Every structure is written in structure tokens, then in C-alpha cells.
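Peer 1: Got a structure for you, questions after.
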């Protein structure tokens with residue numbers, strides 16, 4: 358029987374060994390290198406084709422290429438590719454149209470809408486939607502995506518308020534003058550209409566698309582950044598009354614504090630008037646003396662560290678269906 362194996366040179370044998378030990382090869386390169394290595398050990402082409410998982414014809418072609426090209430046959434030769442159909446000026450027209458406002462009745466540009474409009478406006482004689490896609494990809498344009506961001510003019514008032522809050526965060530810990538961050542977050546109470554299926558090996562957990570609404574509630578929370586102390590209330594509504602009672606309870610957590618500095622936003626319920634509307638004058642005055650409210654600038658709630666806490670809480674605890682305020686409260690406190 359005619360031998361079908363090959364004899365690698367010592368240098369090629371070592372180079373293939375080093376190549377296969379990297380573990381970051383493309384599949385086609387790895388298979389070709391393995392085939393040459395196996396053929397070098399004396400295995401036939403039929404045996405190698407079964408081990409590598411390619412046809413006998415492919416193994417035969419690789420042997421022929423190795424004899425002509427050496428180890429260069431491991432890699433594909435660069436292809437010429439399809440000829441460029443659009444000039445630089447034409448690509449600029451595609452880009453400019455994609456960055457313009459879409460036609461009335463459309464929320465955004467699509468590839469087919471762009472190709473049709475380019476021809477309709479006589480900017481190009483003809484162009485396919487796939488060619489439009491290649492131009493947009495090359496210029497890193499994604500008309501289907503949109504991000505939200507907060508636009509705020511950096512006035513002297515904004516910067517002064519921002520600097521005040523940042524300086525507060527830099528102060529060393531003082532138990533007599535603690536700095537806490539407070540905010541509120543709405544939560545919707547949602548329950549299942551049909552019990553879902555638990556996760557199993559090879560199967561993700563499933564829940565029915567239909568759900569039942571059980572109203573909403575409000576999550577009031579504070580965090581003291583320097584100590585990690587947290588305090589949470591879950592209430593059915595979000596009014597001055599809930600704010601006032603939360604602050605009264607917060608004051609009880611710091612009985613020895615001379616002044617509690619609270620970073621919070623400018624919601625209309627966040628003010629000292631809430632104390633006078635819900636407590637007698639003496640208690641209201643005591644709470645006013647106990648607290649110092651530092652308000653974040655408008656459109657700058659990110660300056661409040663409680664937002665970080667809410668973000669973690671949303672991902673780890675609230676990102677599911679919770680049907681009752683009692684269960685929500687227990688889960689959040691836990």
C-alpha cells in the first residue's frame with residue numbers, strides 16, 4: 358500500500374508544536390497544523406481525516422500544498438475581495454444622509470430607507486441596502502441606536518452647588534455631624550398570573566409574559582457613605598408626610614449628632630415645611646435645627662451617592678416580580 362504520511366523537517370515540526378500550544382488559533386489553522394502533525398507520526402490520510410473532522414480530499418490538498426509552500430499553507434492567502442463600487446464622494450453622501458433627520462413618519466433611518474432615498478434624491482444612480490450597511494459600518498454609524506444623556510449648562514450656580522457637595526464627601530468622618538444621602542424611588546407591585554418554571558440543567562427559568570398589577574409604592578432610603586449605614590422605609594405613597602416621618606426616624610438614629618447633613622434633590626416634598634405640616638411647632642422646630650439640607654443642582658441627581666445604592670438594589674433585589682408591599686419591604690430590608 359502506498360504511504361500517505363509526510364515527513365516534516367525538524368524546524369517545521371517544532372514550529373507546529375509551538376503553534377498548537379498557543380490555544381488562540383483560528384479553527385482552520387489549527388486543523389491544518391494538527392493534520393500535518395498526525396501525518397508526520399505515520400498515520401494515513403484516511404485516519405487523519407477522521408481525527409481532524411475534515412474530508413479525505415481536504416487532507417490530500419493540504420499535503421500537496423505543504424509540499425509546494427511549506428508551512429505557509431497553514432494560512433489563507435489574502436483575497437482580492439469585491440471591487441469598490443462607491444467612490445469617496447459617494448460614501449460621503451451616504452454618511453451625510455444617515456446623519457440627517459429621517460423623513461416624516463419615520464423614527465429613524467433604516468438601510469432600505471437610506472438606499473431608496475439616495476436614489477430618489479438622485480444622489481446616486483443605484484445602491485443596495487447591503488452596500489449602505491457596509492458604508493455605515495465602516496464609519497461606525499448606528500442609526501438604530503440612541504442614548505439618553507442629561508444636558509445641563511454649567512453655570513456658576515451649578516458649579517458652586519456641585520463643589521459644595523463634593524467638598525462634603527471629602528470631609529473626614531465626624532459622628533457629631535454625619536453626612537447622609539437621601540432619595541426616593543417608585544416601585545411597581547407586579548405578580549404572576551401563572552407560576553413560572555424554575556431553571557433546570559440546559560433550560561433557563563421561564564415566566565409567563567402576562568402579569569397582574571397590584572399598584573405601586575415608594576422606597577425611601579438613606580445611606581451614610583463613610584460608614585455604610587443604611588436605612589429604608591417602604592410606603593404606599595410619596596408625600597410630605599412620608600418624608601417628614603422618615604426624617605424624624607432618621608434623627609432617632611443619630612441621637613448624639615449636633616447636625617445631620619442630608620444630600621437630597623429638589624423634589625417639592627423635600628423641605629422643612631413638611632415638618633410643620635405633620636408635627637406640632639415644637640417638634641418641627643427641633644427637626645429643623647437637627648437637619649441641614651444640601652440640594653443637588655437641577656439635572657445632577659448623579660451627585661447624590663444614594664443613586665449608586667439604588668442602582669445596586671435594582672439589579673440585585675428589585676429586578677423581578679414582587680406582588681405585595683409587605684414582601685417588597687421584607688426583601689429590601691434583607
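Residue numbers (this note's numbering): 358 to 691.
All C-beta atoms in this analysis are idealised placements derived from N, C-alpha and C, irrespective of residue type, glycine included.
Just so it is clear, the structure is predicted and the values come from calculations on it, not from any experiment.
(1) For the pair the segment 547–565 and the segment 502–513, tell me if three or more CB-CB distances fall below 8 Å.
(2) Take the Cβ of residue 486 as the centre, count every other Cβ of all protein chains shown within 10 Å, and call the residue buried at 16 or more, exposed below.
(3) How should residue 684 be labelled, buried or exposed, when 16 other C-beta atoms within 10 angstroms of its C-beta is the threshold for buried?
(4) Under DSSP, the alpha helix (DSSP H) around residue 516 begins and ends at which residues?
(5) Does the segment 614–624 come close enough to the segment 640–650 to have 3 or more Cβ pairs within less than 8 Å?
(6) Using a 10 Å radius around the Cβ and a threshold of 16 neighbouring Cβ atoms, would you call residue 661 buried or exposed?
(7) Out of 382, 384, 409 and 381, which has the shortest C-alpha to C-alpha gap to residue 394?
(8) From the DSSP output, in three-state form, read off residue 359 for me.
(9) Can you list, in chain order, the stretches of the alpha helix (DSSP H) that have 4 or more residues and sit fully within the segment 400–469?
(10) Taking only the alpha-carbon atoms, compute the straight-line gap between residue 571 and residue 581 and give it to the nearest angstrom.
(11) Between the Cα of residue 597 and those of 624, 638 and 494, spot the shortest distance and give me the residue it belongs to.
(12) Looking at the structure shown, is residue 644 part of a helix, part of a strand, or coil, going by DSSP?
(13) Could you check whether the segment 633–645 touches the segment 540–559, counting it as contact only if at least three pairs of C-beta atoms, one from each stretch, sit closer than 8 Å?
(14) Out of 385, 510, 402 and 565, which one is the CA nearest neighbour of residue 414?
(15) Go ahead and label residue 405 buried or exposed: buried means 16 or more other beta carbons lie within 10 angstroms of its beta carbon, across all protein chains shown.
(16) Flag this pair as yes or no: are the beta carbons of residue 471 and residue 455 separated by less than 7 Å?
(17) Looking at the strands, I want to know which residues DSSP matches up with residue 619.
Peer 2: Taking the structure as given:
(1) no
(2) exposed
(3) exposed
(4) 513–527
(5) yes
(6) buried
(7) 409
(8) Low confidence applies here, because residue 359 scores a pLDDT of 47, under 50, leaving its location unreliable; read the following figure in that light. The answer is coil: DSSP assigns residue 359 none of H, G, I, E or B.
(9) 402–409, 413–426 and 445–455
(10) 32 Å
(11) 624
(12) helix
(13) no
(14) 402
(15) buried
(16) yes
(17) 537 and 650
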